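Residue numbers (the working numbering), protein chains in the order written: chain F, 393 to 922; chain L, 393 to 922. Everything below concerns the one structure shown next.
There are 2 protein chains.
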Amino acid sequence: MRKPKLKARQGPTAKPARNRRSAEQMLVELKRCLREISDLTAAGDILTWDQATYMPRGGADARARQCAALYGLAHEQAVAPALGKLLDALAHYGERLPRDSDDASLIRVARRDFQKMIKIPPDHVTRANAHGSASYNTWTRARPANDFAAMVPYLERTLDLSREYSSYFAPYKHVADPHIDDADEGMSTASIRKLFSELKSQLVPMVGAICERPVADDSSLRQAFPKAAQFEFALNLAQRLGYDFNRGRLDLTHHPFSTRFSSGDVRITSHVSENNLGDVLFSTLHEAGHAMYEQGVSATLDGTPLGKGVSAGIHESQSRLWENVIGRSRDFWEHFYPSLQRVFPEQLGSVPITVFHRAINKVARSIIRTDADEVTYNLHVMLRFNLELQLLEGRLGVKDLPEAWRAAMRAHLDVAPDDDRDGCLQDVHWYSGYIGGRFQSYAIGNILSAQFYGAALQAHLDIPREIARGEFSTLHTWLRDNVYQHGSKFAPNDLIERVTDAAMSMTPYLGYLREKYAALYWLPGSLSAR
Amino acid sequence: MRKPKLKARQGPTAKPARNRRSAEQMLVELKRCLREISDLTAAGDILTWDQATYMPRGGADARARQCAALYGLAHEQAVAPALGKLLDALAHYGERLPRDSDDASLIRVARRDFQKMIKIPPDHVTRANAHGSASYNTWTRARPANDFAAMVPYLERTLDLSREYSSYFAPYKHVADPHIDDADEGMSTASIRKLFSELKSQLVPMVGAICERPVADDSSLRQAFPKAAQFEFALNLAQRLGYDFNRGRLDLTHHPFSTRFSSGDVRITSHVSENNLGDVLFSTLHEAGHAMYEQGVSATLDGTPLGKGVSAGIHESQSRLWENVIGRSRDFWEHFYPSLQRVFPEQLGSVPITVFHRAINKVARSIIRTDADEVTYNLHVMLRFNLELQLLEGRLGVKDLPEAWRAAMRAHLDVAPDDDRDGCLQDVHWYSGYIGGRFQSYAIGNILSAQFYGAALQAHLDIPREIARGEFSTLHTWLRDNVYQHGSKFAPNDLIERVTDAAMSMTPYLGYLREKYAALYWLPGSLSAR
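Right, dumping it as structure tokens:
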């Protein structure tokens, strides 16, 4: 039995009875508008989640159209002149409120978002989306076929569109700056170049020293592990960290992600490989890190632009903190390894924890970024960051990308892929969206994971002992109080300063790597020489 | 890594370059508008499906708002003046096309829908939705608490709103007519009263005769059956019938339903009870029947008002046909019972097919509609239909409903519930939407299931033998060609006439019941006396 679905809502053009509204009334209206944009975006995200988890393949065409319709409506409302007028009218009111108050932050951030959004002509959005979809579809066939030539015209157009996008934000110091600012507000090509140059100078000798030592044996992770038991174990780990399953869930997908539909519904997805136990363990911990951040955002910010993590780099810091700093630590496995052995007695019963811990921290010069260990990972990121800049600057032609990739791999990592499939075709990023600002956040996240963890340790020296007992509430609570709850209220650099009493710094991260890998690879002194 | 989701769409107010558009151009524009309404509605339905299957409980509040936002936007576009103008401008063009053509049907049906929709004032929609949600929420607590008094003020308001709704469609012969026409176009209070009066005069003695016989033993269905194996078996049944899992899927929920997101994504949900094997078997067959109808609608009608089943009654005819006429037949289980026994050897290994077949067709006077067998089920429907009319006419006061319910149960079924929980509080319908037109479709579906099946048999005498071999393609193809593919192109009565060469008739249904139950209850002659 069905009845026509009749639901009405207040029209977006509904006008109040009088022309002069109080600031409070306008604020209520602003929140209504923003919540509607948030609801439409969330609806699109729900459809996207379903597409990646449960949708039957026959649903693909209509689903692409349905998602586009929802994001399109959200975009339409996000650039509506009425919203701009409301924000302008509230600007002065917002400036008189305490800067850190929710309302002042909301008006400030929503206004900045609006002013950015309206700089982008609608026809650019249409062209960029259509091109992105076509390029992605071609890439899904070109990568397995190792056919870089097929991607050349797409990449050239992507490069044009990426420069065109930047042009709407002129003047800028570097053509990549608008893209970088989108992902990591307050950062720039110059600041990241400086950061990466320092980081590289420290990492290259570190990788060299580690790779001179005997390679870690990770064959214990490569046995046959029944999938259902892997999934169950990873789910329990996420729960133990503090990921709230009353406000979330874990499902399987091909490329794991986390997604927020509201403060009460933040989901994670993961991937299980029968012959790689690390896959489900670390993708689940990684996504749980992202999701605990989102679950921890103050519920009062829900439905506003403040109600989500503040930047790509800060977000990655949280996933990396739980995945690597915690999840690949000896303390963590002191507690959980015995239960993992009980779940897989045949596979792990006779594997000592020392061997397992080395296996999950195996360092090797490899060709695939997503499989890289936490030391070499940053070198993969820098390589991509540099190539992005060269492409955008016009110093590197698209057709020369494969060779430049191989040369950079040899220079950065002393290995090179046999083909483009595992070379410059390996990442989806450039083939589905802009070139520019796509990779730096991963390295920023690594750097910040150690900086935030260091600040937590300063506040609570007991955290490592708690972790070794399988307890995470002190750390989780500290992160929630200091990072998560604020959502996007504070700009990334302000948040870092506020939480750690310092600007972003590599020092804690390098210290963390040196200490950890000196112990793992029996390199006393040699890694901490600099 | 995330990039702002920027998608643009053609604005809804986009005007063509010239004022005078050809009919073909307007038709393209009409289809674009309708597809957008369809996409928004589908998005709402996807969120509703998720809510009923996988949503964590923390997501409830935001989800209600998100669904309301989507259905609200769809409604706003469905009553947009621009759409009305387009439909008016196309009316003449449509009338000159062959009446059965897709385009003529589309213009005709979309125009009728629009003209109905705009009669309902937006503030009524808002009030009715808000009241429906509040009433439903109260009912979820009042039913387990057996607290009818708590529902009285809600039901009284529902009754007012239901009459108000009808008033927008005045003049009418009976206040229930607009509600009935919404569900089953072309039917009316008068036509259904006549139908039900005849049906009752036949069913009451049939139930009496059956109930004089020894009651069927269904204890074989009430053993402990592991849930996963039940689910697996039901899933295989749905697949065997012809439900296409490339364009659908089966999930578990509390109250089973089927739902269509596009022609390529029509899902079913089911329910498994450890101690009631019939639950998953027949809810799955029932929902697969609904879903095969939707999967069979011509893909060319997708995204338009024609791209779905035509009425509640016709839809029920398809679910009932597969659930009852096929799924509770001896032929069907001749093929599938041995494999069911192999799945549950301890429980069913020594239960003969005759006993099993009688168990799944046990007739008994019972108090819960959804648990009723296919003979007495119609009496439950008639009882509700009559009470709806009395309430709407003002001949029955809400506070007197519990007693009227018990009296009607005794009169119709010779049993009465001990309390209101299993009496007039048992169905969600009146507590979540209008009173009026909510139940007749179930009985219409029963009647039509036999009429359609009879027509299929006339065309293909071999169908029963195929079913006994577990083959359904002849029947499925016939239904697709004759019923499914047309979607909502033909009005229900036209479709019945077209498919069966006759108006809706009880004769095939009564014949079906007599033959089946005479055999099951060893009543040769007695049931076919009339």
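For glycine and all other residues, C-beta sits at the position ideal for the given N, C-alpha and C. These numbers were taken from a predicted model, which means no experiment stands behind them.
{"Asked": "Under the DSSP definition of a beta bridge, which residues are partnered with L/Thr692?", "Found": "Its beta-bridge partners do not exist; DSSP assigns none."}
{"Asked": "With 16 other CB atoms within 10 Å as the buried threshold, where does F/Pro513 fall?", "Found": "exposed"}
{"Asked": "Helix, strand or coil, according to DSSP, for F/Ala910 in the structure here?", "Found": "helix"}
{"Asked": "Tell me, please, whether the CB atom of L/Ala721 is closer than 7 Å to any CB atom in chain F?", "Found": "Just to set this straight, residue 721 of chain L is Ser in the shown sequence, not Ala. No, L/Ser721 does not count as interfacial toward chain F."}
{"Asked": "Counting only the same chain and skipping the five closest in sequence on each side, list residues whose C-beta sits under 7 Å from that of F/Leu489.", "Found": "Asp495 and Ala496"}
{"Asked": "Which class does L/Ser841 belong to by DSSP, given the choice of helix, strand or coil?", "Found": "helix"}
{"Asked": "Could you give the residue range of the alpha helix (DSSP H) that holds L/Val599?", "Found": "Thr581 to Glu604"}
{"Asked": "Candidates L/Ile572, L/Ala620, L/His772 and L/Ser690: which alpha carbon is nearest L/Pro884's?", "Found": "L/Ile572"}
{"Asked": "Taking the straight line between their C-alpha atoms, what separation do you get for L/Tyr635 and L/Gln710?", "Found": "13 Å"}
{"Asked": "Can you check whether the CB of F/Ile660 is closer than 7 Å to the CB of F/Ala680?", "Found": "yes"}
{"Asked": "Out of F/Asn753, F/Leu771 and F/Phe748, point me to the one whose CA is closest to F/Ile759's CA.", "Found": "F/Leu771"}
{"Asked": "Any residues in the region 882–912 of chain F with a beta carbon nearer than 7 Å to a beta carbon of chain L? Which ones, in chain order?", "Found": "none"}
{"Asked": "Is any beta-carbon of chain F found at less than 7 Å from that of L/Pro448?", "Found": "yes"}
{"Asked": "Measuring only between beta-carbons, confirm whether L/Arg639 sits less than 7 Å from chain F.", "Found": "yes"}
{"Asked": "Whole angstroms are fine: how far does the CA of F/Ala835 sit from the CA of F/Ala848?", "Found": "20 Å"}
{"Asked": "Taking the CB atoms as reference points, tell me whether F/Gly656 and L/Gly450 lie closer together than 7 Å.", "Found": "yes"}
{"Asked": "Does the beta-carbon of L/Gln832 have 16 or more other beta-carbons within 10 angstroms, so that it is buried, or is it exposed?", "Found": "buried"}
{"Asked": "Put F/Leu644 into one of helix, strand or coil per three-state DSSP.", "Found": "strand"}
{"Asked": "What's the gap between the Cα of F/Thr581 and the Cα of F/Ala803?", "Found": "21 Å"}
{"Asked": "From the DSSP output, in three-state form, read off L/Asp657 for me.", "Found": "strand"}
{"Asked": "Quick one: is L/Ala483 buried, meaning 16 or more other Cβ sit within 10 Å of its Cβ, or exposed?", "Found": "exposed"}
{"Asked": "How big is the Cα-Cα spacing for F/Ala474 and F/Phe506?", "Found": "11 Å"}
{"Asked": "Just the Cα atoms here: how many angstroms apart are F/Tyr685 and F/Arg872?", "Found": "7 Å"}
{"Asked": "What separation, rounded to the nearest whole angstrom, lies between the Cα atoms of F/Leu902 and F/Val747?", "Found": "24 Å"}
{"Asked": "Can you check which of these residues, L/Tyr845, L/Leu677 and L/Gln615, is closest to L/Ala751 by C-alpha distance?", "Found": "L/Gln615"}
{"Asked": "Helix, strand or coil: which one does DSSP assign to F/Ser824?", "Found": "helix"}
{"Asked": "For a test of the three-state rule: what should DSSP assign to F/Ser833, helix, strand or coil?", "Found": "helix"}
{"Asked": "Taking buried to mean at least 16 other C-beta atoms within 10 Å of its own C-beta, is F/Ala621 buried or exposed?", "Found": "exposed"}
{"Asked": "Got a sec: is the Cβ-Cβ distance from F/Thr405 to anything in chain L below 7 Å?", "Found": "Any reading at F/Thr405 must be qualified, since the residue scores a pLDDT of 43, below 50, and its modelled position is unreliable; the value itself is stated next. No, F/Thr405 lies away from the interface with chain L (no Cβ there is under 7 Å from its Cβ)."}
{"Asked": "7 Å is my cut-off, CB to CB: does F/Leu398 come that close to chain L?", "Found": "Confidence at F/Leu398 is low in this model, with a pLDDT of 40, below 50, so the placement of that residue is unreliable and no value is reported for it."}
{"Asked": "Output needed for F/Asp811: all residues of its chain with C-beta closer than 6 Å, excluding positions within five of it in sequence on either side, in chain order.", "Found": "Asn538"}
{"Asked": "F/Ala910 to F/Ala601, Cα distance in whole Å?", "Found": "10 Å"}
{"Asked": "Looking at chain F, which residues of the region 545–564 of chain L have a Cβ within less than 9 Å of any of its Cβ atoms?", "Found": "none"}
{"Asked": "How is L/Ala406 classed by DSSP in three states: helix, strand or coil?", "Found": "Residue confidence is low: L/Ala406 scores 42 on pLDDT, short of 50, so the model does not pin down where it sits. No coordinate-derived value is stated."}
{"Asked": "Since F/Val767 and F/Leu595 are thought to touch, with beta carbons under 8 Å apart, how far apart are those beta carbons, to the nearest angstrom?", "Found": "7 Å"}
{"Asked": "Please name the residue in L/His566, L/Ala526, L/Tyr845 and L/Phe625 whose C-alpha comes closest to that of L/Tyr823.", "Found": "L/Ala526"}
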